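Before any comments, here is the structure.
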Amino acid sequence: MKKVLSLSVACILLLGAPVSASGLPSRTNDKELLKTKAIEKLKEESLKSGKEMKFYSNGKGVPNFVIGKLSQKAVKSSKEAAEFMSENKDIYGLQNGQFTNKSEEADQLGMKHYRNRLTIDGVPVYGAEVVVHTDALGNVYAINGDINNEVPYESWSKRFTITDADAIKAAENSLSLNGKSIEYSVEPISEAYIYNKDGKWIPVYFVRLQFVSPYIADMNIFVNGATGEIVDSKNKVKTSAATGTGVGLYGTRNLNLDYVSGKYYMRDLTKPARIETYTANYTTSIPGTMVSDTDNNFNSSSQFDAVDVHYNTALVYNFYKNNFNRNSFDNNGTTLKSTVLARDPQYPNEPLDNAFWNGSQMVYGDGSGTYFKHIGSALDVVGHEFTHAITDRTANLAYENQSGALNESFSDVFGYFIEGQPNDWLMGEDVYTPETSGDALRSLADPTLYNQPAHMNQYQNLPNTQAGDWGGVHTNSGIPNKAFYIAATSINDNAKLQQVYYRALTQYLTQYSQFVDARNALVQAANDLYPGTTIAQSISDAFAQVGIGASTPTTKDTYESNNTMSTAYGPLTSGTVYNSYIYSSTDIDYYYINASSGYINISLSNLPKDYDIYLLNSAGNVVAKSESTNTTENIRYYAAAGKYYIKVVGYNGVYSTTTPYALKVTYTN
Numbered sequence: 043m044k045k046v047l048s049l050s051v052a053c054i055l056l057l058g059a060p061v062s063a064s065g066l067p068s069r070t071n072d073k074e075l076l077k078t079k080a081i082e083k084l085k086e087e088s089l090k091s092g093k094e095m096k097f098y099s100n101g102k103g104v105p106n107f108v109i110g111k112l113s114q115k116a117v118k119s120s121k122e123a124a125e126f127m128s129e130n131k132d133i134y135g136l137q138n139g140q141f142t143n144k145s146e147e148a149d150q151l152g153m154k155h156y157r158n159r160l161t162i163d164g165v166p167v168y169g170a171e172v173v174v175h176t177d178a179l180g181n182v183y184a185i186n187g188d189i190n191n192e193v194p195y196e197s198w199s200k201r202f203t204i205t206d207a208d209a210i211k212a213a214e215n216s217l218s219l220n221g222k223s224i225e226y227s228v229e230p231i232s233e234a235y236i237y238n239k240d241g242k243w244i245p246v247y248f249v250r251l252q253f254v255s256p257y258i259a260d261m262n263i264f265v266n267g268a269t270g271e272i273v274d275s276k277n278k279v280k281t282s283a284a285t286g287t288g289v290g291l292y293g294t295r296n297l298n299l300d301y302v303s304g305k306y307y308m309r310d311l312t313k314p315a316r317i318e319t320y321t322a323n324y325t326t327s328i329p330g331t332m333v334s335d336t337d338n339n340f341n342s343s344s345q346f347d348a349v350d351v352h353y354n355t356a357l358v359y360n361f362y363k364n365n366f367n368r369n370s371f372d373n374n375g376t377t378l379k380s381t382v383l384a385r386d387p388q389y390p391n392e393p394l395d396n397a398f399w400n401g402s403q404m405v406y407g408d409g410s411g412t413y414f415k416h417i418g419s420a421l422d423v424v425g426h427e428f429t430h431a432i433t434d435r436t437a438n439l440a441y442e443n444q445s446g447a448l449n450e451s452f453s454d455v456f457g458y459f460i461e462g463q464p465n466d467w468l469m470g471e472d473v474y475t476p477e478t479s480g481d482a483l484r485s486l487a488d489p490t491l492y493n494q495p496a497h498m499n500q501y502q503n504l505p506n507t508q509a510g511d512w513g514g515v516h517t518n519s520g521i522p523n524k525a526f527y528i529a530a531t532s533i534n535d536n537a538k539l540q541q542v543y544y545r546a547l548t549q550y551l552t553q554y555s556q557f558v559d560a561r562n563a564l565v566q567a568a569n570d571l572y573p574g575t576t577i578a579q580s581i582s583d584a585f586a587q588v589g590i591g592a593s594t595p596t597t598k599d600t601y602e603s604n605n606t607m608s609t610a611y612g613p614l615t616s617g618t619v620y621n622s623y624i625y626s627s628t629d630i631d632y633y634y635i636n637a638s639s640g641y642i643n644i645s646l647s648n649l650p651k652d653y654d655i656y657l658l659n660s661a662g663n664v665v666a667k668s669e670s671t672n673t674t675e676n677i678r679y680y681a682a683a684g685k686y687y688i689k690v691v692g693y694n695g696v697y698s699t700t701t702p703y704a705l706k707v708t709y710t711n
């Protein structure tokens, strides 16, 4: 909207007093002002330490990845990490709440990673999580995560009028059980949160019900903490020491077994975590009966599935233990249970063409022979399901929309790594449609072969329902899969790339990470592990090729670093045009002039988006500004002699890496 000067403001302007060039009040509210000041403060402190800070935002001007020298004192405990976040919450525009620690983990580089969640009145905000990353000395070198700064302050704890037990009962009552009882695989859990439903903030209990009868489910149910009503409900099942031998789909396998009372059981005791393989024997019973034999040669055709799953699960365990020192999916040595020849309790008389992680164990259907046969015989499928379990205990990527597609993509990527065949980019080709040669579930090299998009311009906005595959988690995963393929063929070093992907998954991604967050996490992980190499650049380029983020610039933005008053570029020559960029959502450009008494005229033109311009005195106070929505911004200000700063910023985080703005200042020297 065009802004005009009122008569009274115009008169003041003639006297040279500080005023907006438009004459209207600034559109920047207190929250935005606090955020801008906090970001600029962090930038200045980082630069003082010799490290230029980088920001990535969520498109709304709220940072979701910040890299630099961010702390002035060492952070060496969970408590200090939470305090650091609470002290710096203004960078998110947060006016309410505090951060509390969720978990911490040290890595092989001596770095630590503290997961913190936002709480208001002691109640955590669902999905609002930030990870604080420190180097070996305790310096904070990065923070990342997803924060919504629009949660109102209320006495949230007092809005809960029902108990945990009430919430679990309400969740159970909401299920369609047809009079049948629930057989839990894990005891129900209930946790209090502040939850956003259709733009409205609600006190809820998040109830997780994992059961295997009367049907297989990992139910995520949100119960209104005040009324007991069901707010949301989603089934988030993720689909897809004696010795002996056994015959599987591909011949004889060497197996680790357990000999007890004259029988050999498929229980591997040779590793820090047990591996147990059960059979449902074409029923709905899970976990079923542990597979056994009177001798140590499992060679019956009915044992093919169990032999291959037991063998492949050991290979997958070894992959994660040998490459990342990870002891089971939870890194705590929990027993790995798998069930083969399972049926769906809803369709007990039909073959189950599926494999999935149900929240506590792997389940492999018996397969119809038309779509699948011997599902667990495919190493990449077993690796895929095991990786879902790891994701569940680390990034905990929400199984919906882009975060759910990342959940699927990372499982595909590690299925590829585990299979260990560098030129085999197909997933599940060994067991999918056995009568059709060359068929597969998905292709990392060319997702379009199996009806997946390979670029963001093909992204499918599917409904976040079970019928819509929870926003297309198995569909849109083709986009990050394609980015992985491009990166892998460019880097040509899977040993290094698998380390990068594992670090990104376990240390940087959070519950609602989007595709661009995965790109940023992978780039940062590559810089952590392999500084000075081209790996990070190759990953950045690969994601750019599928429409996710821009390729990391190999040269700096013009006149950088000029992100603060102390690093302002200048003095500018009167009448000269300076072309530069607002290169990111948090980029701010500062310039300075040394002016004699007289008019300062500033023109900002060729604007690709809504940019604003400010004139500041030597104390940093705004004396004039232009905040129109036009393609040019202009300031005319009568100034006393002195040093002045010109500040250029994109409104609400807009920027362009391709179109430079043109800045021209005329003044009396």
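Plus 42 on top of the position in the sequence shown (first one is 1) and you've got our numbering.
C-beta atoms are modelled at their ideal positions from N, C-alpha and C, and glycine is treated no differently.
Treat the numbers as computed from the prediction; the structure is a model and nothing was measured.
Which residue marks the beginning of the beta strand (DSSP E) containing residue i, and which one marks its end?
i    : result
E146 : 140-148
Y703 : 703-708
F459 : F459 -> not in any beta strand (DSSP E); alpha helix (DSSP H) instead, spanning 443-461.
I236 : 225-239
D274 : 272-277
T429 : It is not in any beta strand (DSSP E) - T429 instead sits in the alpha helix (DSSP H) that spans 421-435.
V382 : 378-384
A397 : 397-399
D260 : 259-266
K242 : 242-255
G640 : 640-647
V117 : Counting along the chain, V117 falls outside any beta strand (DSSP E), and DSSP gives it neither H nor E.
With a cut-off of 8 Å on the beta carbons, I'd call residue i and residue j a contact; round off their distance for me.
i    : j    : result
A637 : G574 : Incorrect: roughly 44 Å between the Cβ atoms, too far for contact.
V382 : A348 : 5 Å
Y301 : P387 : Incorrect: roughly 33 Å between the Cβ atoms, too far for contact.
Y634 : A610 : 4 Å
W198 : P230 : Not quite, the Cβ-Cβ distance comes to about 23 Å (not below 8 Å), so this is no contact.
I630 : K706 : Wrong, their Cβ atoms sit about 19 Å apart, outside the cutoff.
L547 : F428 : In fact, because the Cβ distance is near 13 Å, the residues do not count as touching under 8 Å.
V182 : S113 : 4 Å
V358 : S419 : Rounded, the Cβ-Cβ distance is 13 Å, inconsistent with contact.
A315 : L378 : 6 Å
A681 : I642 : 5 Å
Excluding five sequence neighbours on each side, which residues of the same chain lie with their C-beta closer than 8 Å to the C-beta of residue i?
i    : result
R435 : F371, D372, N373
P194 : N138, W243
N323 : G330, T331, L383
M469 : D422, V423, H426, D454, G457, Y458, A482, L483, R484, S485, L486
M498 : I521, F557, V588, G589, I590
K305 : S334, D335, T336
Please name the residue or residues paired with residue i in a DSSP beta bridge.
i    : result
W512 : W512 is not bridged to any residue.
Y301 : Y306
L468 : S485
S668 : I655
K689 : Y632, Y656
F107 : Y98, N186
E318 : R309, K379
N604 : Answer is none; N604 lacks a bridge partner.
V405 : T381, F398
S334 : Y307
G92  : G92 is not bridged to any residue.
Taking the alpha helix (DSSP H) that residue i belongs to, which residues open and close that run?
i    : result
R678 : Premise fails: R678 lies in the beta strand (DSSP E), 675-681, not in any alpha helix (DSSP H).
D583 : 577-587
Using a Cβ-Cβ cut-off of 6 Å (strictly less than) and excluding sequence neighbours within five positions of residue i, which residues of its own chain qualify?
i    : result
T701 : P650
V46  : Note on V46: pLDDT 34, under 50, position unreliable in the model; the coordinate value appears next. Once the five neighbours on either side are set aside, V46 has no close Cβ partner at all.
G695 : S99, G103, S627
N354 : L421, V424
E74  : none
A704 : V619, N621, S647, N648
K278 : D260, N262, Y441
T710 : S638, G640
S616 : T708, Y709
Which residues in the same chain as residue i place their Cβ atom closer than 7 Å to its Cβ, once the five residues preceding and following it in sequence are excluded?
i    : result
N536 : F459, P464, A530
N506 : E442, N443, W512, G513
_Complete runs of the beta strand (DSSP E) confined to the stretch 130-218 [at least 3 residues]_ = Counting only runs that start and end inside the stretch 130-218, the beta strand (DSSP E) elements of at least 3 residues fall at 140-148, 154-162, 165-176, 182-188.
*For the stretch 501-558, which segments carrying the alpha helix (DSSP H) assignment without a break, of at least 4 residues, lie completely within its bounds, in sequence order?*
Taking only runs of at least 4 residues, the alpha helix (DSSP H) segments lying wholly in the stretch 501-558 are 511-514, 520-533, 536-545.
*Output the residue ranges of the alpha helix (DSSP H) runs that lie fully inside the stretch 346-375 and measure 4 residues or longer, sorted by chain position.*
Counting only unbroken stretches of 4 or more residues, the alpha helix (DSSP H) elements lying wholly within the stretch 346-375 are 346-366, in sequence order.
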